[in-house]
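First comes the structure, then the notes that go with it.
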Amino acid sequence: LAKTTQPISMDSYEGQEVNITCSHNNIATNDYITWYQQFPSQGPRFIIQGYKTKVTNEVASLFIPADRKSSTLSLPRVSLSDTAVYYCLVGSMDSSYKLIFGSGTRLLVRP
Amino acid sequence: DVKVTQSSRYLVKRTGEKVFLECVQDMDHENMFWYRQDPGLGLRLIYFSYDVKMKEKGDIPEGYSVSREKKERFSLILESASTNQTSMYLCASSTRDRRQAFFGQGTRLTVV
Numbered sequence: 001l002a003k004t005t006q007p008i009s010m011d012s013y014e015g016q017e018v019n020i021t022c023s024h025n026n027i028a029t030n031d032y033i034t035w036y037q038q039f040p041s042q043g044p045r046f047i048i049q050g051y052k053t054k055v056t057n058e059v060a061s062l063f064i065p066a067d068r069k070s071s072t073l074s075l076p077r078v079s080l081s082d083t084a085v086y087y088c089l090v091g092s093m094d095s096s097y098k099l100i101f102g103s104g105t106r107l108l109v110r111p
Numbered sequence: 112d113v114k115v116t117q118s119s120r121y122l123v124k125r126t127g128e129k130v131f132l133e134c135v136q137d138m139d140h141e142n143m144f145w146y147r148q149d150p151g152l153g154l155r156l157i158y159f160s161y162d163v164k165m166k167e168k169g170d171i172p173e174g175y176s177v178s179r180e181k182k183e184r185f186s187l188i189l190e191s192a193s194t195n196q197t198s199m200y201l202c203a204s205s206t207r208d209r210r211q212a213f214f215g216q217g218t219r220l221t222v223v
């Protein structure tokens with residue numbers, strides 16, 4: 001199972017672009033990269049998922065280099081409401097994948 | 112709208128009590144998960160189930176058991192509650208390929 005490493009916390013200001021990088025050196029060929037967002041006192045919420053290159057949706061972009069040993073979640077023009085914990089998960093869709101969450105990155109957006 | 116519902120938002124139980132936390136999903140998902148979350152420790156997987164009557168241990172199964180008699184319902188059981196089981200408990204479900212998980216609102220359990 002690929003282990004992930006993320007920064008424990010990050011600070012930003014409203015209107016800035018925020019990039020959170022996740023390292024996953026042991027990623028396997030069949031593994032996908034998934035990011036979740038969690039607000040206080042709520043369950044995590046799926047943000048974005050990718051396998052390689054770049055994925056973009058209405059919330060975020062996910063950049064994955066060719067070697068796939070890391071990935072970067074990009075949040076454009078953050079607002080105060082983006083203050084949350086962001087989790088990077090790596091795993092394949094076979095039966096051994098248990099949806100293991102790490103400690104995540106605590107993002108604080110300041111006015 | 113997809114939904115994972117946990118039976119209680121807040122729960123207070125006494126040490127030694129048997130505690131049941133219930134989770135129901137309406138998405139016909141094969142997989143269901145129970146996590147606990149404590150400050151500074153992120154989400155830790157207790158148990159998950161990939162089919163009715165099937166279960167696998169997660170990272171911290173000690174002191175817990177689970178039951179999945181029907182596809183839509185996954186119960187977490189604390190056989191004899193202890194104060195170190197005071198925590199936020201989160202249930203989730205996903206399709207078989209686990210590409211996206213949906214979480215309930217959480218149950219904050221306090222054991223006194």
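Chains as they are written, first to last, in the working numbering: chain A, 1 to 111; chain B, 112 to 223. In this text, a Cβ means the ideal position worked out from N, Cα and C, and glycines have one as well.
>> Below 8 Å on the Cβ atoms is my contact criterion, and I expect S160/B with M138/B to pass it. Report the Cβ-Cβ distance as a whole number of Å.
In response: Start at 1 with the first residue of the second sequence, and residue 160/B comes out as number 49. Start at 1 with the first residue of the second sequence, and residue 138/B comes out as number 27. The pair is not a contact, with the Cβ atoms about 14 Å apart (cut-off 8 Å).
> Rounded to a whole number of angstroms, what is the C-alpha to C-alpha distance between E14/A and S79/A?
Replying inline: The sequence position of residue 14/A within the first sequence is 14, counting from 1. The sequence position of residue 79/A within the first sequence is 79, counting from 1. Cα-Cα distance, rounded: 5 Å.
> For N19/A, which beta-bridge partners are listed by DSSP?
Replying inline: Here the question's residue 19/A lines up with position 19 in the first sequence. S74/A.
>> Against Q216/B, what residues of chain A qualify as contacts under a CB-to-CB distance less than 7 Å, listed in chain order?
In response: Looking up residue 216/B in the second sequence gives position 105. Near Q216/B (Cβ distances below 7 Å), the residues of chain A are Q42 and G43.
> When you compare each of T53/A, N30/A, Y32/A and Y36/A to I47/A by their alpha carbons, which one comes out closest?
Replying inline: Looking up residue 47/A in the first sequence gives position 47. The shortest C-alpha separation from I47/A is found at Y36/A.
> Got a sec: which bits of the stretch 114-144 of chain B sit with their beta carbon under 7 Å from any beta carbon on chain A, in order along the chain?
Replying inline: F144
>> Counting only beta-carbon separations shorter than 8 Å, does F185/B have a partner in chain A?
In response: In the second sequence, residue 185/B corresponds to position 74, counting from 1. False, the Cβ-Cβ gap to chain A never drops below 8 Å.
>> Do T83/A and L62/A count as a contact pair if the criterion is CB distance below 8 Å?
In response: By one-based count along the first sequence, residue 62/A stands at place 62. By one-based count along the first sequence, residue 83/A stands at place 83. No; because the gap between Cβ atoms is not below 8 Å, this pair is not in contact.
> Using a Cβ-Cβ cut-off of 6 Å (strictly less than) and excluding sequence neighbours within five positions of R77/A, which residues of its own chain qualify?
Replying inline: Residue mapping note: residue 77/A aligns to position 77 of the first sequence, counting from 1. G15.
>> For L187/B and L132/B, what's the separation of their Cα atoms in angstroms?
In response: Walking along the second sequence from the start, residue 187/B turns up at place 76. Walking along the second sequence from the start, residue 132/B turns up at place 21. Distance between the alpha carbons of L187/B and L132/B is about 5 Å.
> So, is the C-beta of R179/B closer than 8 Å to a C-beta in chain A?
Replying inline: Position 68 of the second sequence, counted from the start, is the residue given in the question as residue 179/B. Closer than 8 Å: no.
>> Taking 8 Å as the threshold (C-beta atoms), are M199/B and R155/B in contact?
In response: Walking along the second sequence from the start, residue 155/B turns up at place 44. Walking along the second sequence from the start, residue 199/B turns up at place 88. Result no, Cβ atoms of R155/B and M199/B do not sit closer than 8 Å.
> Where does T194/B sit, in a helix, a strand or coil, going by DSSP?
Replying inline: Looking up residue 194/B in the second sequence gives position 83. Helix, per DSSP.
>> Let's test the definition: count the other Cβ atoms within 10 Å of the Cβ of T4/A and tell me whether it reaches 16, buried, or not, exposed.
In response: As a position in the first sequence, residue 4/A is number 4, starting the count at 1. It is buried - the Cβ of T4/A has at least 16 other Cβ atoms within 10 Å.
> Mind checking G169/B: buried by the 16 CB within 10 Å criterion, or exposed?
Replying inline: Along the second sequence, read from residue 1 onward, the residue named residue 169/B stands at position 58. The residue in question, G169/B, is buried, as its Cβ has 16 or more Cβ neighbours within 10 Å.
> So, using beta-carbon positions, are F228/B and P44/A closer together than 8 Å?
Replying inline: Given that chain B is displayed from residue 112 to residue 223, the structure contains no residue 228/B and the question cannot be resolved.
>> Going by C-alpha to C-alpha distance, which of E17/A, V18/A and Y32/A sits closest to H24/A?
In response: Working through the first sequence from its first residue, we reach residue 24/A at position 24. Measuring from the Cα of H24/A, the nearest candidate turns out to be Y32/A.
> For S103/A, which residues in chain B fall below 8 Å Cβ to Cβ?
Replying inline: The sequence position of residue 103/A within the first sequence is 103, counting from 1. Residues of chain B passing the Cβ test: G151, L152 and G153.
>> Please tell me whether Q216/B and Q6/A are closer than 8 Å, where the distance is taken between their beta carbons.
In response: The count along the second sequence starts at 1 and reaches residue 216/B at position 105. The count along the first sequence starts at 1 and reaches residue 6/A at position 6. No, they are not a contact pair.
> What residues in its chain sit with their C-beta under 7 Å from that of S70/A, if we drop five residues either side in the sequence?
Replying inline: In the first sequence, residue 70/A corresponds to position 70, counting from 1. Result list for S70/A: T21, C22, S23 and H24, in chain order.
>> Which residues does DSSP list as the beta-bridge partners of V177/B?
In response: Counting from 1 along the second sequence, the entry for residue 177/B is found at position 66. Answer is L187/B, bridged to V177/B.
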